[in-house]
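Chains U and Z, in that order, are what the protein sequence lines are. Letter by letter, the first sequence follows residues 1 to 214 of the UniProt record's numbering. Letter by letter, the second sequence follows residues 1 to 214 of the UniProt record's numbering. Ideal Cβ placement from N, Cα and C applies to all residues, glycine included. Predicted model only: the values in this text are computed from it and were never measured.
There are 2 protein chains.
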Amino acid sequence: MTSDLQLSPTPRSTVVRGKKRAVEDRQVLYDILDAGLVCHLAVEVDGAPFLIPTAYGRDGNRIFLHGSTGSRSIRSMLEGKQVCVAVTLVDGVVYSRSVFHHSMNYRSAIIHGTAKIAEDTQHALRTIVEHVTPGSWDYAREPSKKELAQTAALEIDLTEASVKVREGGPGEEPSDLEANLVWAGHMPLITSWGAPVPHETDKAIPPHVSARGR
Amino acid sequence: MTSDLQLSPTPRSTVVRGKKRAVEDRQVLYDILDAGLVCHLAVEVDGAPFLIPTAYGRDGNRIFLHGSTGSRSIRSMLEGKQVCVAVTLVDGVVYSRSVFHHSMNYRSAIIHGTAKIAEDTQHALRTIVEHVTPGSWDYAREPSKKELAQTAALEIDLTEASVKVREGGPGEEPSDLEANLVWAGHMPLITSWGAPVPHETDKAIPPHVSARGR
């Protein structure tokens with residue numbers, strides 16, 4: 001398939017192992033990023049890899065991350081540096097007839113890029129907040145000038161990315177299928193929202209919270 | 001607290017941001033690792049950070065990972081290299097009265113170490129399989145010599161690690177609490193197992209599968 005939706009793999013974003021799980025469709029990348037809540041960002045610090053799990057939000061073909069302006073994890077640590085970002089959704093585990101073919105079902109997105117400071121911090125924050133807690137930006141108090149000044153937002157382009165998806169039951173050795181000695185299958189892992197827990201408030205739960213996950 | 005259970009932070013494993021969320025208890029590290037299914041492993045490849053989401057298993061104060069002996073992600077890519085490993089469990093989202101104090105509830109473990117080839121591949125694989133699919137090692141067909149030869153297992157020591165945990169409702173500015181303009185609270189994210197899905201089998205679902213998650 002060749003289209004604007006196709007991922008454009010470079011050597012490092014080309015899936016070498018598990019080619020049959022590689023997906024070359026930019027919409028699948030976007031769907032995975034939109035379904036996740038936390039990404040893992042890798043960057044080199046003092047000659048060693050360093051990992052930061054953090055919230056993010058997608059806006060078109062880029063994602064935004066944020067942190068405190070005082071944090072070692074933003075600006076000084078990340079600005080202009082090469083980064084790798086992963087969003088992984090675990091959808092279940094796979095029971096094969098052989099130990100060797102046990103597996104997991106998942107949707108995985110890996111992005112290679114360079115972190116740059118987002119020009120519009122407020123837009124970046126809005127994108128992140130609306131990703132993690134949709135409806136909150138217009139409902140809660142907006143950031144003050146002081147709060148905005150305490151926040152740095154980063155932007156990472158999604159052009160160089162790879163996607164892998166695994167679903168369904170196990171692959172098996174033909175001899176294991178024929179022998180038919182044991183049960184095999186898969187078990188879905190399901191993520192759902194629990195009931196909202198109020199915090200020192202007499203207000204009714206607003207629709208953007210109560211409607212979540214329905 | 002000083003005990004064998006205490007984490008021993010080096011400068012890079014010392015939590016700088018969000019100190020109030022830092023936990024210095026080795027058992028909490030183990031609990032997070034035991035509760036997760038997938039870790040993210042970061043390593044430098046060709047001068048840039050590279051991320052691998054992968055299954056793992058814990059055995060005492062080390063974790064094992066595995067891959068194909070042919071993969072660029074194992075041996076050539078990892079043996080003897082500095083790595084960073086993260087396991088992140090997202091427990092919910094936090095709605096504050098201000099956009100600025102919106103947050104997430106989570107349990108996060110970050111490990112800094114050096115990847116070395118596990119001496120006993122079979123023990124490492126058993127640890128990983130029993131972590132992801134408890135009971136499967138003794139139930140399914142054991143790896144053949146050929147299958148074992150196709151597999152490389154890595155070991156990473158857990159000594160240098162940091163743990164952060166956030167739970168409960170939002171922190172708030174006193175002025176936002178006093179103004180009492182909007183609802184605030186948190187919403188748990190719940191992970192549960194769905195019913196097992198059989199794969200081309202007439203066998204009954206074995207207890208180690210059917211009992212999972214109860």
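Give the C-beta separation of residue i and residue j to the nearest angstrom, bearing in mind that I take them to be a contact with Cβ-Cβ under 8 Å.
i: W193 (chain Z); j: M187 (chain U); result: 6 Å
i: A115 (chain Z); j: L29 (chain Z); result: Not really, about 18 Å apart at Cβ, beyond 8 Å.
i: V23 (chain U); j: K164 (chain U); result: 7 Å
i: W183 (chain Z); j: P49 (chain U); result: That belief does not hold up - the Cβ atoms of W183 (chain Z) and P49 (chain U) are roughly 41 Å apart, past 8 Å.
i: D31 (chain Z); j: R141 (chain U); result: That belief does not hold up - the Cβ atoms of D31 (chain Z) and R141 (chain U) are roughly 36 Å apart, past 8 Å.
Tell me the rounded alpha-carbon separation between residue i and residue j.
i: G213 (chain Z); j: L181 (chain U); result: 25 Å
i: L89 (chain Z); j: V87 (chain U); result: 13 Å
i: N61 (chain U); j: I156 (chain U); result: 9 Å
i: H101 (chain Z); j: W137 (chain Z); result: 46 Å
i: D202 (chain Z); j: P174 (chain U); result: 16 Å
i: residue 297 (chain Z); j: I128 (chain Z); result: What is shown of chain Z runs 1 to 214, which leaves residue 297 (chain Z) out entirely.
i: Y106 (chain Z); j: G92 (chain Z); result: 7 Å
i: H131 (chain U); j: E130 (chain Z); result: 35 Å
i: G168 (chain U); j: A204 (chain Z); result: 19 Å
i: I111 (chain Z); j: S162 (chain Z); result: 7 Å
i: H40 (chain U); j: H208 (chain U); result: 27 Å
i: S210 (chain Z); j: Y139 (chain Z); result: 13 Å
i: P148 (chain Z); j: A118 (chain Z); result: Pro is not the amino acid found at residue 148 (chain Z); the sequence shown has Leu there. Their backbone Cα atoms lie some 13 Å apart in a straight line.
i: Q6 (chain U); j: V83 (chain Z); result: For Q6 (chain U), the pLDDT reaches just 44, beneath the cut-off of 50, and the residue's location in the model is therefore unreliable, although a value from the coordinates is still provided. Roughly 31 Å between the two C-alpha positions.
i: residue 215 (chain Z); j: A42 (chain Z); result: With chain Z covering only 1 through 214, there is no way to say anything about residue 215 (chain Z).
i: L51 (chain Z); j: I52 (chain U); result: 12 Å
i: Q27 (chain Z); j: T191 (chain Z); result: 22 Å
i: M1 (chain Z); j: T159 (chain Z); result: Caution is warranted here: a pLDDT of 28 is assigned to M1 (chain Z), below 50, making its placement in the model unreliable, and no coordinate value can be reported.
i: S8 (chain U); j: D25 (chain U); result: Its pLDDT being 49, under 50, S8 (chain U) is placed unreliably in this model, and the value from its coordinates should be taken loosely. In a straight line, the C-alpha of S8 (chain U) is about 9 Å away from that of D25 (chain U).
Among the options, which one has its Cα closest to the Cα of residue i?
i: V45 (chain U); options: U:A152, U:I205 and U:E79; result: U:E79
i: S76 (chain Z); options: Z:A153, Z:C84, Z:H40 and Z:Y106; result: Z:A153
i: G113 (chain Z); options: Z:V85, Z:S98 and Z:D91; result: Z:V85
i: F64 (chain U); options: U:E24, U:Q122, U:Q27 and U:D31; result: U:Q122
i: G185 (chain U); options: U:A195, U:A204 and U:R97; result: U:R97
i: T151 (chain Z); options: Z:L33, Z:V83, Z:T69 and Z:Y95; result: Z:T69
i: H199 (chain Z); options: U:V94, U:V197, U:V99 and U:R166; result: U:V94
i: V99 (chain U); options: Z:A118, Z:L41, Z:L177 and Z:P143; result: Z:P143
i: R166 (chain U); options: Z:T54, Z:E24 and Z:W183; result: Z:T54
i: A124 (chain Z); options: Z:D59, Z:G171, Z:L158 and Z:L51; result: Z:D59
i: L37 (chain U); options: Z:L189, Z:V197, Z:T159 and Z:P196; result: Z:L189
i: G57 (chain Z); options: Z:P49, Z:L158 and Z:D34; result: Z:D34
i: L197 (chain Z); options: U:V197, U:P170 and U:T159; result: Reading off the sequence shown, one finds Val at residue 197 (chain Z), where the question assumed Leu. Nearest of U:V197, U:P170 and U:T159 to V197 (chain Z), Cα basis: U:P170.
i: H66 (chain U); options: U:D31, U:G47, U:E160 and U:D120; result: U:D120
i: G47 (chain U); options: U:R126, U:L158, U:E160 and U:K81; result: U:K81
Residues, ordered as in the chain, of the stretch 95 to 120 of chain U that lie near chain Z by beta-carbon distance below 8 Å: Within the stretch 95 to 120 of chain U, the residues whose Cβ lies closer than 8 Å to some Cβ of chain Z are Y95, S96, R97, S98, V99, F100, H102, M104, Y106, S108, I110 and H112, listed in chain order.
Continuous beta strand (DSSP E) assignments of at least 3 residues falling wholly in the stretch 147 to 196 of chain Z: 151 to 157, 161 to 166 and 185 to 193
Short-range partners of chain Z found in the stretch 184 to 196 of chain U, where Cβ spacing is below 9 Å: Going along the stretch 184 to 196 of chain U in chain order, one finds A184, G185, H186, M187, P188, L189, I190, T191, S192, W193, G194, A195 and P196 with a Cβ nearer than 9 Å to chain Z.
Residues from the stretch 28 to 44 of chain Z in contact with chain U, defined by Cβ distance under 7 Å: Listed in chain order, the positions of the stretch 28 to 44 of chain Z with a beta carbon within less than 7 Å of a beta carbon of chain U are L37, V38, H40, A42, V43 and E44.
Proximal residues, the stretch 140 to 171 of chain Z versus chain U, C-beta separation under 7 Å: Of all residues in the stretch 140 to 171 of chain Z, those with a C-beta nearer than 7 Å to a C-beta of chain U are A140, R141, E142, P143, E147, G169 and P170, reading in chain order.
Residues from the stretch 49 to 63 of chain U in contact with chain Z, defined by Cβ distance under 7 Å: P49, F50, L51, P53 and A55
Contact residues within the stretch 81 to 96 of chain Z, judged by C-beta distance below 7 Å to chain U: Within the stretch 81 to 96 of chain Z, contact with chain U at the beta-carbon level (separation under 7 Å) is assigned to Q82, V83, C84, A86, T88, V90, V93, Y95 and S96.
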